[in-house]
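S.K.: Sending over a structure as structure tokens; questions will come in a sec.
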Amino acid sequence: MAVVVRDLPEGKLDDHPCFSRFEVTERTVSITKRWLRSVYSKFGPCVKVAYIDGKSVGMVQYAPMDIFPHVKRHDAHRTILIHCIYVSEEYRGRGIGRKLMEALINDLSKPHPYLNGGVFQGIEALAGRSRPGPAGPLEFFTKMGFQVIKQLSSSDFLVRLNLPVSNL
Numbered sequence: 001m002a003v004v005v006r007d008l009p010e011g012k013l014d015d016h017p018c019f020s021r022f023e024v025t026e027r028t029v030s031i032t033k034r035w036l037r038s039v040y041s042k043f044g045p046c047v048k049v050a051y052i053d054g055k056s057v058g059m060v061q062y063a064p065m066d067i068f069p070h071v072k073r074h075d076a077h078r079t080i081l082i083h084c085i086y087v088s089e090e091y092r093g094r095g096i097g098r099k100l101m102e103a104l105i106n107d108l109s110k111p112h113p114y115l116n117g118g119v120f121q122g123i124e125a126l127a128g129r130s131r132p133g134p135a136g137p138l139e140f141f142t143k144m145g146f147q148v149i150k151q152l153s154s155s156d157f158l159v160r161l162n163l164p165v166s167n168l
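Note that the working numbering has the sequence shown beginning at 1, numbered continuously upward.
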């Protein structure tokens, strides 16, 4: 089982795994595509897709925090927010989520045009304990090295992974 992780090209947004796996309305697809195009125009690719034998089996969707209108933080432009991580049920427990995260961490640890060649400082996500949470399950993120930085409710947490400082 060879897992290949690739950026979802802007011209292939119809291939977004969530559009074919979930019952979503045309309106939801339209709004999501509009948002993704906006992120692509400002930041670049913001969805990584995991494939096995050419079939999409998972994805991670993300963007710099300052692209989200409700986020007002001094470090928002240097912090990535994971909007969603998803692996098809029949492929869970096979390391696909880990491969998606490793690809994301690897890419974000390099100089990025969004920061004029600077590097991102960290990745954050809203994780859930008793349910997956908006971005994914808390257990998954802690296994990936994320730390809880804030408890939002009895079962929801803000988690963060500090990225390595580049010596470039």
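All C-beta atoms in this analysis are idealised placements derived from N, C-alpha and C, irrespective of residue type, glycine included. The structure presented is a predicted model; accordingly, all values stated were derived computationally and were not measured.
List in chain order: all unbroken alpha helix (DSSP H) runs of 4+ residues lying wholly within the segment 19-44.
M.R.: Those alpha helix (DSSP H) runs which fall completely within the segment 19-44 and span 4+ residues are 26-42.
S.K.: So, using beta-carbon positions, are S56 and P9 closer together than 8 Å?
M.R.: In this structure, P9 does not lie closer than 8 Å to S56 by Cβ.
S.K.: Just verifying my parser: in three-state terms, what is the DSSP assignment at N162?
M.R.: Note: N162 maps to strand in three-state DSSP.
S.K.: Looking at C-beta atoms only, is the number of pairs between the segment 98-113 and the segment 38-57 that lie closer than 8 Å three or more?
M.R.: In short, these stretches touch, since the Cβ pair count reaches three.
S.K.: Is E124 buried or exposed, if buried means 16 or more other CB atoms sit within 10 Å of its CB?
M.R.: When all chains shown are included, E124 counts as buried.
S.K.: With a threshold of 7 Å on Cβ separation, who are the neighbours of I96 within its own chain once the five nearest residues in sequence on each side are excluded?
M.R.: Excluding sequence neighbours, I96 sits near V3, A50, V57, G58 and V87.
S.K.: In chain order, which alpha helix (DSSP H) runs of at least 4 residues are fully inside the segment 87-118?
M.R.: Correct list: 96-108.
S.K.: Kindly list the residues whose CB is nearer than 6 Å to the CB of V159, restricted to its own chain and excluding five residues on each side of it in sequence; keep chain order.
M.R.: Once the five neighbours on either side are set aside, the close Cβ partners of V159 are A125, A127, F141, F146 and V148.
S.K.: Hey, quick one: how far does the alpha helix (DSSP H) through K143 stretch, first residue to last?
M.R.: Here the alpha helix (DSSP H) through K143 covers L138 to K143.
S.K.: By alpha-carbon positions, which one of V119, I85 and K12 ends up nearest to N162?
M.R.: Comparing Cα positions, the closest option is V119.
S.K.: Report, in whole angstroms, the separation of the C-beta atoms of R78 and Q121, which I expect to be a contact under 8 Å.
M.R.: Rounded, the Cβ-Cβ distance is 4 Å, consistent with contact.
S.K.: Can you check whether the CB of I80 is closer than 8 Å to the CB of A63?
M.R.: Yes, the Cβ-Cβ distance between A63 and I80 is below 8 Å.
S.K.: Which residue wins for smallest C-alpha separation from R37, given the options G11, L115 and I52?
M.R.: Nearest of G11, L115 and I52 to R37, Cα basis: G11.
S.K.: DSSP three-state call for G54: helix, strand or coil?
M.R.: In this structure, G54 counts as coil in the three-state DSSP scheme.
S.K.: Let me know the secondary structure DSSP gives M1 once reduced to three states.
M.R.: In the structure shown, M1 sits in coil (DSSP, three-state: anything other than H, G, I, E or B).
S.K.: Does DSSP classify A125 as helix, strand or coil?
M.R.: If DSSP states are grouped into helix, strand and coil, A125 belongs with the strands.
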